[in-house]
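Report on one structure; see the data block that follows.
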Amino acid sequence: MLKPKLKMRLGDLLVHEGIITEAQLQQALAQQQKTGRKLGNSLIDLQLLTEDQLLRFLAQQLNVSLLDISQRQIDPNAVALLPEVHARRFRALVLEDRGAEVLLGMSDPADLSVLDQIAPMLAPKHIAIAIVPEAQLISAFDRLYRRTKEIESFATQLKQEYSEAEELDFGALNDEADNDNTIVKLLQSIFEDAVQVRASDIHIEPDEKLLRIRQRVDGVLQENVLKEVSIVPALVLRLKLMAQLDISEKRLPQDGRFQIKIKGRTIDVRMSTMPVQYGESVVMRLLDQSAGLLTLEQTGMPDALLKRLRRILKTPHGMILVTGPTGSGKTTSLYGMLSELNQSGNKIITVEDPVEYRLPRINQVQVNQRIGLTFSNVLRTSLRQDPDIIMVGEMRDHETAEIGLRGALTGHLVLSTLHTNDAISSTLRLIDMGAPDYLVASAMRAILAQRLVRRLCPHCKKPYTPDAAELSWLAHKSMAANPQFWRGEGCQSCNHTGYSGRIGVFELLVMNRELADALRRKDLDAFAQAARANEGFQPLGDMALHYALDGLTSLEEVIKVSEYLELEAETPAVELQAD
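Under the numbering used here, the first residue of the sequence shown carries the number 937, and numbering increases by one thereafter.
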């Protein structure tokens, strides 16, 4: 291994080359003594130079390459040559296995002590060094050190321990202190893998001869197939114990929740079981409590829409609805509103099923249908608790809707959600549920409809020309001539999907006199026309198309949203009966 060496100490060399002054070096050294961080980090923290400037300087002095690995195809077999614990500790990643030599990416190749510790792990291979920005290395660790093989290994071991001919040891499975239990290790690997890829859900689905473990990442399921289908009873049993469910009941669905810690992060897990043909299916929703709540700005709301929404939030009474299908980010928007309203002068009560995020100063009530603690019962009691603001998790029936609307008329600001297609159809849905039209017209203040679309990966998105079908769809849209669209080609950063993360698409309808009068007259056509002419109103499909024109998402995602809206619009309204 050829060790790169600096001719002088880094600080002295930077001064010698005129990149920083002697005074700035002394300032950085003093900062280093306080924080214990490396000199380079101290220089960057003090904004005396940028990370890019420092890395380029090091690459030139050490005569090594500076690599951008965000789009680089990296062989997982090469990565596996250096165990994850050491890769994260030393900020080093094997980028290529060249046979007798490996290419090692490091954030600080001048640290010879790190090289001395890594060399025996990669022996007898020689090491070639490259510099990689630290942030790219950390991101690559989460993408590349997946738990797939680890999960398969534990599944195989578990199958051997609990063969089909044996009975499960319920006592051993219930021993929470037994951290060496293979099931515990398997579940830990499954959860760690899901958290690394920012999965929102984990699906455990037994088939006749296979076990599928699927993760929902950016709204799309990614599948891992295991042959050890016989381990499903043991796996489901352990999860039921963790969620305090009835382990003897396999014929009926059950719901529960538990909390785990993954790499210092607290994760709330909402679990649902359902009997299926080959056992029990388990779906777990992951809520990262450590990440904190998103603010309204972080949801992606455009500034103009956000200003209008904040103006509505300042009204002392009325109802604000957030609408959209399951998984459209309604809860995130509601909690964002609550965070802004959560002030010492406001008494806030929430009625939820379940309570997803725990907020200080807010009185949060968990609905419990088994003992009669329903939305309507809690909401009725809440109105006697002198609240200023009430948040109802969902308008599920006629009684809840009417109590909420009357509460909005008696001096309370009521926030809630509704499963509807768009903002215009939300008032009609409330009327279909049995709420009087005059009550809806008087109490409603605003309706926020939303969807989530996948955000294009910034590292691999490229301009492209829409195909014939897309051009035909665009022919009905009004926009500038020769619009530019983008799509992701897929790279290491986005796990070859072309997308990284999601962004909200919103539609805000603010009630006015024309809309209220149309509802009182039961003139639904006039209501729809007045809504489309509403000041500042922009349909969901139009906002999604603007995102595509700005390069934030793909035309494919826009068409998905628009076609869903058109399909729902063609579905006849059904009169809903109260539960």
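Even glycine gets a Cβ: it sits at the ideal position worked out from N, Cα and C.
As the structure is a prediction and not an experimental result, all values here were calculated from the model.
Cα-Cα separation between residue i and residue j, rounded to whole angstroms
| i | j | result |
| --- | --- | --- |
| Met1447 | Gln1132 | 43 Å |
| Met1057 | Leu1031 | 15 Å |
| Ile1383 | Ala1359 | 6 Å |
| Arg1423 | Leu1241 | 26 Å |
| Leu1230 | Arg973 | 30 Å |
| Gly947 | Leu961 | 6 Å |
| Ser1312 | His1334 | 9 Å |
| Ala1467 | Leu1445 | 7 Å |
| Ala1023 | Pro1290 | 39 Å |
| Pro1296 | Glu1144 | 47 Å |
| Ala1130 | Val1441 | 25 Å |
| His1253 | Ala1344 | 6 Å |
| Ala1014 | Gln1474 | 50 Å |
| Val1303 | Val1212 | 27 Å |
| Leu1277 | Leu1451 | 27 Å |
| Thr1286 | Ala1417 | 49 Å |
| Ser1001 | Ala1046 | 13 Å |
| Phe1127 | Gly1192 | 17 Å |
| Leu975 | Gln968 | 6 Å |
| Leu990 | Asn977 | 10 Å |
| Pro1394 | Gln1009 | 16 Å |
| Arg1457 | Phe1463 | 9 Å |
Other residues of its chain near residue i: CB distance less than 8 Å, five sequence neighbours each side excluded
| i | result |
| --- | --- |
| Arg1294 | Gln1225, Gln1300 |
| Arg945 | none |
| Glu1020 | Phe1077, Tyr1081 |
| Leu1488 | Arg1391, Leu1392, Ile1439 |
Residues of its chain near residue i, where Cβ-Cβ distance is below 7 Å and the 5 sequence neighbours each way are ignored
| i | result |
| --- | --- |
| Val1153 | Val1133, Arg1134, Ala1135 |
| Pro1508 | Because the pLDDT at Pro1508 is just 43, under 50, the model does not fix this residue reliably, and the value given afterwards should be weighed accordingly. Around Pro1508: no qualifying Cβ. |
| Leu1175 | Met1207, Val1218 |
| Gln963 | Leu982 |
| Leu985 | Ile955, Ile956, Leu979 |
| Phe1090 | Thr1118, Lys1121, Leu1122, Ser1125 |
| Glu1159 | Arg1148, Arg1150 |
| Trp1409 | Ile1495 |
| Asn1110 | A caution first: Asn1110 carries a pLDDT of 45, below 50, which makes its placement in the model unreliable, though a value can still be read off. So the qualifying residues of the chain are Leu1177. |
Pair within 9 Å by beta-carbon distance, residue i and residue j
| i | j | result |
| --- | --- | --- |
| Ala1385 | Glu1443 | yes |
| His1348 | Leu1319 | yes |
| Ile1063 | Ala995 | no |
| Leu1073 | Ser1049 | no |
| Leu1315 | Gly1340 | yes |
| Leu1274 | Leu1351 | yes |
| Ser1269 | Leu1222 | no |
| Leu949 | Gln997 | yes |
| Lys1283 | Asp1322 | yes |
| Glu1216 | Pro1142 | yes |
| Cys1396 | Gly1434 | yes |
| Ile1367 | Leu1455 | yes |
| Leu1309 | Met1415 | no |
| Leu1245 | Met1255 | no |
| Gly1263 | Leu1388 | yes |
| Ile1054 | Ala1036 | no |
| Arg1079 | Asn1431 | yes |
| Ser1378 | Ser1075 | no |
Within-9 Å CB hit, residue i to chain E
| i | result |
| --- | --- |
| Thr1433 | Included in the structure is just one protein chain, with no chain E present. |
Cβ shell of residue i (< 6 Å), same chain only, five flanking positions each side left out
| i | result |
| --- | --- |
| Ser1498 | Gly1477 |
| His1139 | Arg1150, Val1219 |
| Gln1195 | Asp1204 |
| Asn1115 | Legend: pLDDT at Asn1115 = 39, less than 50; position of this residue unreliable, value from coordinates given subsequently. Around Asn1115: no qualifying Cβ. |
| Thr1356 | Thr1259, Ser1362, Arg1365 |
DSSP beta-bridge partners of residue i
| i | result |
| --- | --- |
| His1062 | Glu1037 |
| Glu1216 | Pro1211 |
| Pro1394 | None; Pro1394 has no bridge partner. |
| Leu1444 | Leu1384 |
| Tyr1400 | Phe1421 |
| Ile1439 | Val1389 |
| Arg1193 | Arg1206 |
| Thr1353 | Val1258 |
| Ser1001 | Ala1066 |
| Asp1224 | Ile1203 |
| Ile1360 | Answer is none; Ile1360 lacks a bridge partner. |
| Ile1198 | Arg1201 |
* **Continuous alpha helix (DSSP H) assignments of at least 4 residues falling wholly in the region 1003-1053** => Every alpha helix (DSSP H) stretch that sits fully inside the region 1003-1053 and reaches 4 residues is listed by chain position as 1012-1015, 1020-1026.
* Asked: In the region 1238-1304, which residue ranges form an unbroken beta strand (DSSP E) of at least 3 residues, counting only runs that do not cross its ends?
  -> The region 1238-1304 contains these whole beta strand (DSSP E) runs: 1254-1259, 1284-1288, 1299-1302.
* To do: Tell me the start and end of each unbroken alpha helix (DSSP H) in the region 1307-1350 that is at least 4 residues and wholly inside, in chain order.
  => Segments of the alpha helix (DSSP H) lying fully in the region 1307-1350: 1311-1318, 1334-1345.
* Could you pull out every unbroken alpha helix (DSSP H) segment of at least 4 residues lying fully inside the region 1108-1171, listed in chain order? => Complete alpha helix (DSSP H) runs here, min 4: 1118-1132.
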